[in-house]
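Which chain is which? The protein sequence lines are A and B, in order. With our numbering as the guide, the letters of the first sequence map in order to residues 1 to 346. With our numbering as the guide, the letters of the second sequence map in order to residues 347 to 692. Note that the Cβ used here is the ideal one computed from N, Cα and C, for glycine as well. Working notes for the structure below.
There are 2 protein chains.
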Amino acid sequence: MELDTRKFKILQAIIKNYLETGEPVGSRTISKYTDLNLSSATIRNEMADLEELGYIIQPHTSAGRIPSDKGYRLYVDQMMSEKEEELNNREREVIELKEFLSEKVEKVEELLQDTAKLLANNTNYTSLISTPKYFKSLKFIQLSQVESGKLLCVVVLQGNVIKNKIIDLNKELDTETILKLNILFNNTLNGLTMEEINLALISRMTAQAGEHTELVRTILDVVAQALSGDDDLKIYTSGTTNIFKYPELSDSAKASELICTLEEKKLLTNLLVDKEHSEGKGIQIYIGAETPIQTMKDCSVVTATYELEDGVSGTIGIIGPKRMDYEKVVENLKTVKEQLDAVFKK
Amino acid sequence: MELDTRKFKILQAIIKNYLETGEPVGSRTISKYTDLNLSSATIRNEMADLEELGYIIQPHTSAGRIPSDKGYRLYVDQMMSEKEEELNNREREVIELKEFLSEKVEKVEELLQDTAKLLANNTNYTSLISTPKYFKSLKFIQLSQVESGKLLCVVVLQGNVIKNKIIDLNKELDTETILKLNILFNNTLNGLTMEEINLALISRMTAQAGEHTELVRTILDVVAQALSGDDDLKIYTSGTTNIFKYPELSDSAKASELICTLEEKKLLTNLLVDKEHSEGKGIQIYIGAETPIQTMKDCSVVTATYELEDGVSGTIGIIGPKRMDYEKVVENLKTVKEQLDAVFKK
DNA sequence: TGTTAGCACTCACTCTTTTAGAGTGCTAAT
DNA sequence: ATTAGCACTCTAAAAGAGTGAGTGCTAACA
Chain A
1 MELDTRKFKI
11 LQAIIKNYLE
21 TGEPVGSRTI
31 SKYTDLNLSS
41 ATIRNEMADL
51 EELGYIIQPH
61 TSAGRIPSDK
71 GYRLYVDQMM
81 SEKEEELNNR
91 EREVIELKEF
101 LSEKVEKVEE
111 LLQDTAKLLA
121 NNTNYTSLIS
131 TPKYFKSLKF
141 IQLSQVESGK
151 LLCVVVLQGN
161 VIKNKIIDLN
171 KELDTETILK
181 LNILFNNTLN
191 GLTMEEINLA
201 LISRMTAQAG
211 EHTELVRTIL
221 DVVAQALSGD
231 DDLKIYTSGT
241 TNIFKYPELS
251 DSAKASELIC
261 TLEEKKLLTN
271 LLVDKEHSEG
281 KGIQIYIGAE
291 TPIQTMKDCS
301 VVTATYELED
311 GVSGTIGIIG
321 PKRMDYEKVV
331 ENLKTVKEQL
341 DAVFKK
Chain B
347 MELDTRKFKI
357 LQAIIKNYLE
367 TGEPVGSRTI
377 SKYTDLNLSS
387 ATIRNEMADL
397 EELGYIIQPH
407 TSAGRIPSDK
417 GYRLYVDQMM
427 SEKEEELNNR
437 EREVIELKEF
447 LSEKVEKVEE
457 LLQDTAKLLA
467 NNTNYTSLIS
477 TPKYFKSLKF
487 IQLSQVESGK
497 LLCVVVLQGN
507 VIKNKIIDLN
517 KELDTETILK
527 LNILFNNTLN
537 GLTMEEINLA
547 LISRMTAQAG
557 EHTELVRTIL
567 DVVAQALSGD
577 DDLKIYTSGT
587 TNIFKYPELS
597 DSAKASELIC
607 TLEEKKLLTN
617 LLVDKEHSEG
627 KGIQIYIGAE
637 TPIQTMKDCS
647 VVTATYELED
657 GVSGTIGIIG
667 PKRMDYEKVV
677 ENLKTVKEQL
687 DAVFKK
């Protein structure tokens, strides 16, 4: 049995209607509100076929049909039109966003949090956003003695991201030595990435350091830590409570589980890696069981990746019920993505 | 009508029982499970009095009684015994905590987050913790040129808290000038607090700066920002979903409202200031409507303040239903507070 | 005078039954 | 191939009945 044009149309109508109303849709509704001019009985036959094909589901015998995961999949892959009429509204949104975002480019964290909040408010779903994985290369390093026995080590990375650490010295250092170390580090490592700092370089440095070999090693550790940027990955969420707007998610058990997942940010990293379901343009859609996070199997997740430069990127995402307004969400994500790209490039 | 010993005992029995069971408690229960040897009828009479006095409430005509806010207040103020037997258990807990905490003193943020998690797990309520308001005085300042036209400004505060900012210069600076500025700032401002940096000092500095007056001003702004520490106040929450364990909080509307409040960390700052209900030892208990946050009027909140040094402190708190196990919560908070004090003093 | 037994009464809860409505599947006619 | 018609299914909401915990009041008692 194949999906002919009529079945396709009917399926589309069912899904559209369900997305709008959130109620299972019956044959009569489709019969009335499509231009197919078919009686409900005919629709019923087709629906039975569609169910057999796995695109729709009957919650119980005497209910209408709702889309299955497979149905949704088909919808987002083939049915979601990018309506041109909506561009108008969209354009307005873009501008608002721009104004909103450009106010405070300073504090990246705050910017991201606000962006998440904006997204959550706009869509009425839960949003999440991860800090970008910045900076691959070293730009500048500054060592200075804060007080006796304490060496302040400031590392500036490409993209003007700054890390610092105070190192406890076991002996005193004179100003001259510190100056020398500063020059040594900056001359040797400037512009290099984690990978480019190899053993050859390191041994050259330790050789030059003379009696301060140990210290150089310690400082290199700090640099490594900074470059790895492991501990920088932060994930912000917003609009958690929006899930209560959707009865299918808001019973105590499910809500609790979901909110728990959102609180344990670490669990969310899975969402930020997988690119399997990417559909060009850096938008990924996970429907139901497709999501890499078990607890979200009753949700859909849409993510987008914003980029600063090659390979330096973060992720924004929306989590909502499977019957979310995918078009709106994708629109919003695209807009925000563009805005973020723009802001960071500046 | 006064609260004689018998009424006191009965009230205590009612509250204890209610805290344990979570069910309204009836006269028969009290009659059986106290050593007063009174019939249920007598208890009923007393209960009627206690209700008139405002200590207990009847949810509906044919239900037992539950404590009112006033009743809880009396309980935490006068009935909560610090049972010595519990000290044993407590001692064990302390040690566990110590091991747990001493692992990672490095990353304060992580430490606090983990502490919050620990508290939430231990108590089965929601926990919150605020970063300490550090550092009042300036320890060290370091200016250095990262690349042409960009000046890196690192400010180290008492307590080794580090802030940095990159300043865009409108003109080039030579190494000598930067050195001079470094010396100027460190000599003039070292060890001073926000308040001590007065206009006299500032004008002296700008005078000495010569053509770089404007730059000095900019740097002073950075210093001021760092010293104010406004943007440092962070609040972490954990165990949000624990509220679902308490039916009186977990209906959709209330839970949503609560979680929303917890998400909007800014709203929580109110909890961290007010000291009105402090009961020695830095433990504050807010019952129901007493809390400064409207949305928590069905909860009780217990907070403790941990201190680094005079006036430098943060707050830990527990949010739960009014029928929370106050003794346990207070124990836990005390323990954690002590641990944090110890860790930070080290 | 304080305490108690006894009893009628209240009210939330649970369980069952009823009803209404939406929607289906099947059959026979077109 | 499509449709009208009808019996059937199932949910959700409403209505009703029974249960039990707990009360308030009264009258008797020590």
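- Around ILE66(A), the same chain offers TYR18, PRO24 and ILE57 as residues with beta carbons nearer than 6 Å, after the five sequence neighbours per side are excluded.
- Taking a 10 Å sphere around the C-beta of ASN616(B), we find fewer than 16 other C-beta atoms and assign the residue as exposed.
- In summary, the residues of the region 485-511 of chain B whose CB is separated from some CB of chain A by less than 8 Å are LYS485, PHE486, GLN488, SER490, VAL492, GLU493, LYS496, LEU498, VAL500, VAL502, ASN506, ILE508 and ASN510, in the order they occur in the chain.
- Within chain B, the residues whose beta carbon sits less than 7 Å from that of CYS260(A) are THR587, listed in sequence order.
- For LEU527(B), the CB contacts under 6 Å within the same chain, skipping 5 residues up- and downstream, are LEU489 in chain order.
- For VAL502(B), the CB contacts under 6 Å within the same chain, skipping 5 residues up- and downstream, are LYS485, PHE486 and ILE508 in chain order.
- When secondary structure is reduced to three states using DSSP, GLN404(B) falls in the coil class, being assigned neither helix nor strand.
- Look at PHE354(B): its C-beta is not under 8 Å from any C-beta on chain A.
- In the DSSP assignment, TYR246(A) falls outside any alpha helix (DSSP H), carrying neither H nor E.
- Taking the Cα of ASP415(B) as reference, the smallest distance to any Cα among SER646(B), ASP671(B) and THR472(B) is reached at SER646(B).
- Interface criterion not met: the Cβ of GLU51(A) is under 8 Å from no Cβ in chain B.
- ILE543(B) carries a coil assignment under DSSP once its states are collapsed to helix, strand and coil.
- Secondary structure remark: continuous beta strand (DSSP E) runs of at least 3 residues inside the region 467-533 of chain B, in chain order: 472-476, 484-493, 496-503 and 507-514.
- None of the residues of the region 369-396 of chain B has a beta carbon lying less than 9 Å from any beta carbon of chain A.
- Any Cβ of chain B closer than 8 Å to the Cβ of SER137(A) would place that residue at the interface, and such an atom is absent.
- Three or more Cβ pairs drawn from the region 317-326 of chain A and the region 280-298 of chain A lie within less than 8 Å of each other, which places the two stretches in contact.
- Contacts with chain A (Cβ-Cβ distance below 8 Å) from the region 516-548 of chain B involve no residue at all.
- A straight-line Cα-Cα distance of about 24 Å links THR218(A) and PHE690(B).
- Within the same chain, Cβ atoms closer than 6 Å to the Cβ of GLY495(B) are found at LEU515, the five residues on either side in sequence being excluded.
- For THR641(B), the secondary structure class from DSSP, reduced to helix, strand or coil, is helix.
- Boundaries of the alpha helix (DSSP H) harbouring TYR418(B): 415-420, taken from the DSSP string.
- For the C-beta of GLU263(A), the chain B residues within less than 9 Å are, from N- to C-terminus, THR583, SER584, GLY585, THR586 and THR587.
- For PHE244(A), the chain B residues whose C-beta falls within less than 7 Å of its own C-beta are SER598 and SER602, listed in chain order.
- Classified as exposed, ASN45(A) has fewer than 16 neighbouring CB atoms from the shown chains inside 10 Å of its CB.
- The shortest C-alpha to C-alpha distance from SER584(B) to any of GLY575(B), ALA601(B), VAL648(B) and LEU608(B) is the one to LEU608(B).
- Relative to the Cα of ALA342(A), the nearest Cα in the group TYR306(A), ARG204(A), LEU249(A) and GLY282(A) belongs to TYR306(A).
- The three-state secondary structure of SER386(B), taken from DSSP, is helix.
- Secondary structure of THR607(B) (DSSP, three-state): helix.
- A straight line joining the alpha-carbon of TYR75(A) with that of ASN121(A) spans about 25 Å.
- Taking ILE287(A) as reference, the option from ARG323(A), SER256(A) and LEU118(A) with the minimal CA-CA separation is ARG323(A).
- Around the C-beta of PRO247(A), fewer than 16 other C-beta atoms lie within 10 Å, and the residue is accordingly described as exposed.
- Rounded to whole angstroms, the gap between the alpha carbons of ASP576(B) and TYR672(B) is 33 Å.
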